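>
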């Protein structure tokens, strides 16, 4: 590729062309290769082939400026001015959009920094500040369930069971396969006295993971709680 590129830059098109064709056999997803071949065919007067190659480069990368310029130049040469202008405008729009796209790697780094600050707030029991930072992490990161669990734990820490359960419900709705959220939700319902719902959620976990010991324990406690409640109600009726 480097040799082909050097030949192309130096104008040695007859030497660059077979090298670029060889590169395509190995990897046909490099827009720059199609752009260089398109330029070579354009210079050789093979406009139809050049147009196809420039279009292929833009299919791979719609914001690739060199390919959009090359294609618009050919179309203008052929008197297809409206098409040429549209190609360039479309590429400019794609380039502007690309500039505004966020880098996932950078987003994760920022999420990590917010999490570190949230952990510090949590350590010193400044729970509201911790929640705020965890929410920022969640918005930035792809690890949304993990941060959702931390947020739910913060609400529990400050005694806000309703908000904690709400966050856990959101997690189980958005990420139904994320079992830690289901387990935490089952436990929260059990502690809140909603034994039937706790048992139902624990059973939903066991359907996905039959050997889950935590779900088994929640279900066992729920059944024990139901039996005790039934016994008390029966005794009350007898009295």
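Residue numbers (the numbering used here): 337 to 575. Cβ atoms here follow ideal geometry from the backbone N, Cα and C, with glycine treated the same way. Here the structure is a predicted model, which is why all the values come from computation and not from measurement.
Residue 566: buried (16+ other C-beta within 10 angstroms of its C-beta) or exposed?
Bear in mind that a pLDDT of 39 at residue 566, under 50, signals an unreliable position, so the model cannot answer this.
> Please tell me whether residue 373 and residue 401 are closer than 8 Å, where the distance is taken between their beta carbons.
Not closer than 8 Å, so no.
> Any idea if residue 495 is buried or exposed, counting beta-carbon neighbours within 10 angstroms, 16 or more meaning buried?
Residue 495 is exposed by the Cβ-count criterion.
> Whether or not the segment 463–478 and the segment 441–453 are in contact is what I'm after, with contact meaning three or more pairs of Cβ atoms, one per stretch, closer than 8 Å; do they touch?
Taking 8 Å as the limit for Cβ pairs, the verdict is that the segment 463–478 does touch the segment 441–453.
> I need the DSSP call for residue 547, collapsed to helix, strand or coil.
Of the three classes helix, strand and coil, the one that applies to residue 547 here is coil, per DSSP.
> Please state if the CB of residue 521 and the CB of residue 508 are separated by a distance shorter than 8 Å.
The answer is yes: Cβ separation under 8 Å.
> Can the beta-carbon of residue 525 be found less than 8 Å from the beta-carbon of residue 517?
No, these two residues do not count as a Cβ contact at 8 Å.
> What separation, rounded to the nearest whole angstrom, lies between the Cα atoms of residue 531 and residue 502?
Cα to Cα, the separation comes out at about 17 Å.
> I need the straight-line Cα distance from residue 549 to residue 356, nearest angstrom please.
So the alpha carbons of these two residues sit roughly 59 Å apart.
> Have a look at residue 557 and residue 500 and give me their C-alpha separation to the nearest angstrom.
Rounded to the nearest angstrom, the two C-alpha atoms are 21 Å apart.
> Looking only at C-alpha atoms, which of 504, 353, 359 sits nearest to residue 386?
When each option's Cα is compared against that of residue 386, the closest is 353.
> Could you give the distance in angstroms between the alpha-carbon of residue 490 and the alpha-carbon of residue 515?
One C-alpha to the other measures close to 19 Å.
> Could you give the C-beta distance for residue 488 and residue 504, rounded to a whole number, given that I count them as a contact under 8 Å?
That belief holds up - the Cβ atoms of residue 488 and residue 504 are roughly 5 Å apart, short of 8 Å.
> Once DSSP output is grouped into helix, strand and coil, what is the label at residue 380?
Looking at residue 380 - three-state DSSP - the assignment turns out to be coil, as it is neither helix nor strand.
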